[in-house]
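K.L.:
Numbering (the working numbering), first residue to last: 5 to 129.
Next comes the structure, spelled out in structure tokens:
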């Protein structure tokens, strides 16, 4: 057995790009305007929420209007059997603003972590 011939790979998962990185990478391409939220990380180690879709992640500071809305409605979101969507808005010719929208996807929200809960993952039915 020779250690110098063994091959391997990183066990760490690659992080999703931020929304800004995703938009820069897809500039000039047609992209969907609505994305399904699959993960919601709640403030714990970091003082912000992070929402993840299949293509990107968005840090949401707790004190911004979207963070306050998320904080106020998180219990009703995770108690629901409906997914949450994020829609990209275009203002002044630029895309990058987001708004939460309803989704028709059904499933359930499972907590991540236990005492304290670190986030919520959406699982499809």
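Beta carbons are placed, not taken as given, at the ideal position from N, Cα and C, and that holds for glycine.
Provide the residue(s) that pair with residue 53 in DSSP beta bridges, ordered along the chain.
P.N.:
Indexing the chain shown from 1 puts residue 53 at position 49. 64.
K.L.:
Which residue marks the beginning of the alpha helix (DSSP H) containing residue 81, and which one marks its end?
P.N.:
By 1-based counting over the chain shown, the position of residue 81 is 77. First-last of the alpha helix (DSSP H) with residue 81: 69-83.
K.L.:
Can you look up residue 122 in the DSSP assignment and give me helix, strand or coil?
P.N.:
Taking the chain shown and counting its residues from 1, the one referred to as residue 122 is at position 118. In this structure, residue 122 counts as coil in the three-state DSSP scheme.
K.L.:
At the level of alpha carbons, what is the spacing between residue 83 and residue 112?
P.N.:
Reading the chain shown from its first residue, position 79 is the one you call residue 83. Reading the chain shown from its first residue, position 108 is the one you call residue 112. Near 8 Å, if we compare the C-alpha coordinates of residue 112 and residue 83.
K.L.:
List the endpoints of the continuous alpha helix (DSSP H) containing residue 27.
P.N.:
Walking along the chain shown from the start, residue 27 turns up at place 23. That run of the alpha helix (DSSP H) goes 23-29.
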